[in-house]
Amino acid sequence: MRFEIVRLDDVDGTPVETTVVDAASVSRIVQQAAALGQRLWIRPVETSHS
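Heads up, the sequence shown is in this note's numbering, so the first residue is 46 and it goes up one at a time.
Take a look at the structure:
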């Protein structure tokens, strides 16, 4: 499963940067953001199966 992670501006909460990562990377990114005091919005990315 993949997730979209959006870094949010500390002042007004507007999106600053967006990245899509695999599930294994989410924990690392959340830990880094917590250490830096960054705000994140995380949601699953829908994938289509052909």
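Heads up, the beta-carbon is just placed ideally off N, CA and C, and yes, glycines get one too.
Distances from the alpha-carbon of I50 to those of R84, V65 and G58 put V65 closest. Rounded to whole angstroms, F48 and R88 show a C-alpha spacing of 6 Å. Per DSSP, the continuous beta strand (DSSP E) segment holding V51 begins and ends at R47 to L53. Per the C-alpha coordinates, the member of S93, L81 and T92 positioned closest to D54 is L81.
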